[in-house]
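A.B. asks:
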């Protein structure tokens with residue numbers, strides 16, 4: 001039948017898209033679909049857009065998951081390595097390279113092992129150690145993780161020597177920081193807060209301008225057989241650094257936790273005074289040299305009262321410190337080096353006291369705003 005005129009007028013002409021111009025067709029369809037989305041939700045353009053959205057979402061989630069896994073993998077601790085002696089020799093040029101540090105107890109070299117910048121310490125083994133014992137003790141030490149511990153990567157045993165491989169950390173040891181042989185009047189620890197932060201390792205601000213103290217050889221005394229264990233065997237006398245060894249340790253050679261407290265107290269007194277732990281000075285009374293320790297000097301300073309403490313504290317701090325906190329730190333250091341091990345405080349107690357005094361020093365510095373380039377006291381304490 002023929003359509004009536006009325007029905008013909010109601011037909012809306014629609015323009016068909018040619019196959020030769022798909023881009024224009026897609027644009028028009030998208031435009032019309034956006035206007036008529038409620039009436040035609042199944043348009044091809046909308047379906048393509050939603051599919052593309054989910055595809056991008058899945059791709060980004062896969063990328064994020066991959067990056068998260070890589071970050072997590074980097075944060076996880078590596079298994080300790082058992083190095084071959086040939087790797088140690090290659091890194092140290094057969095031990096002919098310039099030594100990084102040297103002492104009576106150990107020597108160290110800086111080198112590269114398996115693509116990592118490392119420090120290799122050579123230490124004498126006080127007890128025979130087989131490969132299985134080495135692997136077991138390494139795994140125990142490497143479970144300890146702290147921002148102030150230098151990471152032990154692995155070890156090697158050859159004869160009566162053990163080689164400990166640590167990651168290299170840029171910086172300097174405490175003696176060089178306090179007593180620069182090239183410029184004795186200069187120290188990088190030129191502020192009171194830097195000294196307190198070095199002694200309070202657990203209170204360490206992670207920013208670009210802060211100093212972070214690092215501890216090396218954590219747990220290696222047992223690894224090298226310097227601590228008596230359950231196994232029987234001949235153990236040689238333990239060597240230590242003079243000035244840091246407790247009196248009972250020097251007499252018996254038995255290592256206890258109180259020996260660590262004594263060594264920590266010596267480090268605190270060394271930080272406060274900037275002086276050597278042990279030195280020889282000329283005495284006109286005896287017309288010769290006598291040995292002076294930082295412990296004896298600190299005891300004399302405390303006996304002299306406030307004035308004695310202020311004269312004894314490192315002058316390079318330019319008198320910019322709270323004297324009350326300095327007095328308490330000196331007393332704490334002397335308590336740690338008490339000759340009677342039973343009178344020395346526990347390290348948990350020491351940790352709390354040092355943290356408290358660090359916060360007191362920081363509050364004092366923030367309140368006073370004392371400039372570090374002045375050499376006179378400008379504020380009451």
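Numbering (full-length UniProt numbering), first residue to last: 1 to 381.
Backbone N, C-alpha and C define an ideal beta-carbon position, used for all residues, glycine too.
Relative to the C-alpha of residue 106, which candidate in 279, 275, 250, 163 has its C-alpha closest?
C.D. replies: Residue 106 has its Cα closest to that of 163, out of 279, 275, 250, 163.
A.B. asks: Work out the CA separation of residue 269 and residue 306 for me, nearest whole Å.
C.D. replies: In a straight line, the C-alpha of residue 306 is about 16 angstroms away from that of residue 269.
A.B. asks: Relative to the C-alpha of residue 319, which residue among 327, 310, 175 is closest?
C.D. replies: The residue with the shortest Cα to Cα distance from residue 319 is 310.
A.B. asks: From the DSSP output, which residues share a beta bridge with residue 282?
C.D. replies: Looking at the DSSP assignment, residue 282 forms a beta bridge with 289.
A.B. asks: If contacts are defined as beta-carbon pairs under 8 angstroms, then residue 323 and residue 294 qualify, I think. What distance do you get, rounded to the angstrom?
C.D. replies: Contact flag wrong, Cβ pair sits at about 19 angstroms.
A.B. asks: If you draw a straight line from the C-alpha of residue 123 to the C-alpha of residue 292, how long is it?
C.D. replies: Each residue's Cα considered, the two are about 29 angstroms apart.
A.B. asks: What first and last residue would you give for the beta strand (DSSP E) that runs through residue 88?
C.D. replies: From DSSP, residue 88 is part of no beta strand (DSSP E) but of the alpha helix (DSSP H) over 85-92.
A.B. asks: Buried or exposed: which applies to residue 137, given that a residue is buried once 16 or more other Cβ atoms fall within 10 Å of its Cβ?
C.D. replies: By the 10 Å Cβ count, residue 137 comes out buried.
A.B. asks: Is it buried or exposed, residue 83, if we count other Cβ atoms within 10 angstroms and call 16 or more buried?
C.D. replies: By the 10 Å Cβ count, residue 83 comes out buried.
A.B. asks: Alpha carbon to alpha carbon, how far is residue 313 from residue 367?
C.D. replies: In a straight line, the C-alpha of residue 313 is about 22 angstroms away from that of residue 367.
A.B. asks: Since residue 302 and residue 325 are thought to touch, with beta carbons under 8 angstroms apart, how far apart are those beta carbons, to the nearest angstrom?
C.D. replies: With a Cβ gap of about 14 angstroms, residue 302 and residue 325 do not count as contacting.
A.B. asks: List the DSSP bridge partners of residue 122.
C.D. replies: Its beta-bridge partners are 107, 163.
A.B. asks: Secondary structure at residue 100, three-state DSSP: helix, strand or coil?
C.D. replies: Note: residue 100 maps to strand in three-state DSSP.
A.B. asks: Taking residue 383 as part of the beta strand (DSSP E), name the residues at either end of that continuous run.
C.D. replies: Because the chain here runs from 1 to 381, residue 383 falls outside it and cannot be looked at.
A.B. asks: Please classify residue 197 as buried or exposed, where buried requires at least 16 other C-beta atoms within 10 Å of its C-beta.
C.D. replies: It counts as buried.
A.B. asks: Helix, strand or coil for residue 333, going by three-state DSSP, please let me know.
C.D. replies: Correct three-state label for residue 333: helix.
A.B. asks: What are the start and end residues of the beta strand (DSSP E) that includes residue 158?
C.D. replies: Per DSSP, residue 158 belongs to the beta strand (DSSP E) from 152-158.
A.B. asks: My output table needs one value for residue 129: the three-state DSSP class, helix, strand or coil.
C.D. replies: Correct three-state label for residue 129: coil.
A.B. asks: May I have the straight-line CA-CA distance separating residue 259 from residue 348, to the nearest angstrom?
C.D. replies: One C-alpha to the other measures close to 15 angstroms.
A.B. asks: Quick check on DSSP: helix, strand or coil for residue 256?
C.D. replies: Residue 256: coil per DSSP, three-state reduction.
A.B. asks: Classify residue 116 as helix, strand or coil using the three-state DSSP reduction.
C.D. replies: Strand, per DSSP.
A.B. asks: How far does the alpha helix (DSSP H) with residue 369 in it extend, from its first residue to its last?
C.D. replies: Residue 369 -> no alpha helix (DSSP H), and no H or E assigned at all.
A.B. asks: Please determine whether the Cβ atom of residue 127 lies at a distance below 8 angstroms from any heavy atom of the ligand NAP.
C.D. replies: The ligand NAP is absent from the structure shown, which contains no ligand whatsoever.
A.B. asks: Which value, in whole angstroms, describes the spacing of the CA atoms of residue 112 and residue 79?
C.D. replies: C-alpha separation (whole angstroms): 18 angstroms.
A.B. asks: At which residues does the alpha helix (DSSP H) containing residue 318 begin and terminate?
C.D. replies: Where residue 318 is concerned, there is no enclosing alpha helix (DSSP H), given that its DSSP letter is neither H nor E.
A.B. asks: Which value, in whole angstroms, describes the spacing of the CA atoms of residue 175 and residue 243?
C.D. replies: When rounded, the distance between both Cα atoms is 13 angstroms.
A.B. asks: Using only the alpha-carbon positions, how far apart do residue 339 and residue 359 sit?
C.D. replies: Near 29 angstroms, if we compare the C-alpha coordinates of residue 359 and residue 339.
A.B. asks: Cα separation between residue 362 and residue 178?
C.D. replies: Answer to the nearest angstrom: the Cα atoms are 21 angstroms apart.
A.B. asks: What span of residues does the alpha helix (DSSP H) with residue 176 cover, start to end?
C.D. replies: Here the alpha helix (DSSP H) through residue 176 covers 174-178.
A.B. asks: To the nearest angstrom, report how far apart residue 342 and residue 247 are at their CA atoms.
C.D. replies: Spanning the two alpha carbons is a distance of roughly 13 angstroms.
A.B. asks: When you compare only the Cα positions, how much space is there between residue 344 and residue 335?
C.D. replies: Cα-Cα distance, rounded: 6 angstroms.
A.B. asks: By how many angstroms is the C-alpha of residue 332 removed from the C-alpha of residue 133?
C.D. replies: Cα to Cα, the separation comes out at about 39 angstroms.
A.B. asks: By DSSP, does residue 273 sit in helix, in strand, or in coil?
C.D. replies: Looking at residue 273 - three-state DSSP - the assignment turns out to be helix.
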